[in-house]
Amino acid sequence: MIKLPSIVLPKVEYTREFAFSDADFERIRKLIYREAGIALNPSKKDMVYGRLVRRIRELKLASFAAYLDQLESAAGLREFEQFVNALTTNLTFFFREEHHFPILSEHLKKKAQQGGEIAIWCAAASTGEEPYSIAMTAQESVPGARVTIAATDLDTTVLETGRQGIYPADKISRLPAGHATRFFDKLADGSYQAKASLRSMISFSRLNLIDNNWPLRKQFDAIFCRNVMIYFDRETQLAVLKKFAPLLKPDGLLFVGHSENFYFAADLFKLRGKTVYELATHGAGRPA
1 MIKLPSIVLP
11 KVEYTREFAF
21 SDADFERIRK
31 LIYREAGIAL
41 NPSKKDMVYG
51 RLVRRIRELK
61 LASFAAYLDQ
71 LESAAGLREF
81 EQFVNALTTN
91 LTFFFREEHH
101 FPILSEHLKK
111 KAQQGGEIAI
121 WCAAASTGEE
131 PYSIAMTAQE
141 SVPGARVTIA
151 ATDLDTTVLE
161 TGRQGIYPAD
171 KISRLPAGHA
181 TRFFDKLADG
191 SYQAKASLRS
201 MISFSRLNLI
211 DNNWPLRKQF
221 DAIFCRNVMI
231 YFDRETQLAV
241 LKKFAPLLKP
251 DGLLFVGHSE
261 NFYFAADLFK
271 LRGKTVYELA
281 THGAGRPA
């Protein structure tokens with residue numbers, strides 16, 4: 001057997017456009033945790049660089065350290081919104097985690113029999129696909145019922161997309177058969193806009209889940225908070241769940257993401273079905 005000579009590949013050194021030290025990353029971790037409750041682990045350093053480097057270019061700064069110094073200065077208050085927007089994950093699509101929507105449909109039918117307004121809170125609305133999926137489910141399940149949807153998010157940029165309700169054709173193509181023509185109008189450029197009747201059901205506004213006070217003044221029949229609290233540590237998750245409980249009606253439902261499990265909050269919520277929770281006791285749903 002012929003023994004081939006070993007080949008030693010040259011070591012490739014990757015250099016970044018801007019200096020980004022471990023100390024810079026640690027400052028960012030502390031800031032985003034303080035402002036948004038997001039707990040970044042060390043493996044996210046490259047992701048953070050990619051998300052923020054555009055802001056450094058736009059501001060014509062020389063380094064991440066210079067960017068962070070500006071961010072933490074009195075003049076950096078306006079940049080904080082851009083900072084949070086850049087580090088917020090907004091992966092979403094229509095009828096994501098589709099097993100939730102038949103459950104929502106049955107819940108809406110039961111609530112409609114009781115009469116009165118049905119109120120739903122979508123606590124991580126992103127670009128709007130989730131609240132519009134809720135609205136389509138409501139129009140199909142309880143036509144004629146008054147259903148209002150409060151759609152909130154931390155990221156102001158995505159909220160504006162949701163407010164307009166305009167989506168490219170490739171996103172609309174993922175809708176169930178018949179939904180595109182029933183619930184959307186095709187625009188001249190090939191994109192689609194949610195019909196006015198759908199948009200009128202939803203109010204979009206900014207809300208930070210880790211703020212001490214939420215601008216919400218009523219209880220909800222259902223709360224959707226899916227694939228958000230996976231970015232929070234246990235302490236922050238529990239704090240948010242404690243504030244959800246009094247905002248949910250005694251027979252209300254809490255819909256969460258497929259990777260989220262709140263067994264540690266058994267005194268507040270109990271699992272009803274696949275990633276759907278209800279209040280552990282009816283008393284927990286009464287406003288303080």
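Counting from 1, one number per residue, gives the positions in the sequence shown under my numbering.
Even glycine gets a Cβ: it sits at the ideal position worked out from N, Cα and C.
Pull up the distance between the alpha-carbon of lysine 186 and that of alanine 180, whole angstroms please.
9 Å
Across which residues does DSSP place tryptophan 214 in a beta bridge pair?
Paired residues: none, contrary to the question.
At 4 residues or longer, and completely inside the stretch 135-222: list those alpha helix (DSSP H) runs for me, N to C.
156-164, 169-172, 179-183, 196-199
Assigned exposure category for arginine 57 - 16 Cβ within 10 Å defines buried:
exposed
Can you give me the C-alpha to C-alpha distance between tyrosine 167 and arginine 54, rounded to a whole angstrom?
24 Å
So glutamate 81 is in the alpha helix (DSSP H); what residue range does that whole segment cover?
79-87
Sub-9 Å separation of aspartate 153 and glycine 162 beta-carbons
yes
Three or more C-beta pairs below 8 Å linking the stretch 191-202 and the stretch 225-234:
no
Any heavy atom of the ligand ADP within a distance shorter than 8 Å of the CB on proline 246?
With respect to the ligand ADP, the structure offers nothing, as it holds no ligand at all.
First through last residue of the beta strand (DSSP E) which encompasses tyrosine 277
276-279
In the DSSP output, what is alanine 119 paired with across the bridge?
Thr148
Beta-carbon within less than 6 Å of leucine 40's beta-carbon, same chain only, minus the 5 sequence neighbours each way: which residues are those?
Arg29
Using a threshold of 9 Å, state whether the C-beta atoms of glutamine 237 and alanine 266 are closer than that.
no
State yes or no: is the C-beta of phenylalanine 232 within less than 9 Å of the C-beta of leucine 254?
no
Could you tell me which of Tyr263, Gln70, Gln219 sits nearest to phenylalanine 244, measuring between CA atoms?
Gln219
Can you name the residues that DSSP bridges to glycine 273?
Val276
Out of Ser259, Pro215, Arg272, state which residue places its alpha-carbon closest to the alpha-carbon of aspartate 251.
Arg272
Report the residue from Ser203, Pro42, Glu129 whose alpha carbon sits nearest the alpha carbon of serine 173.
Glu129
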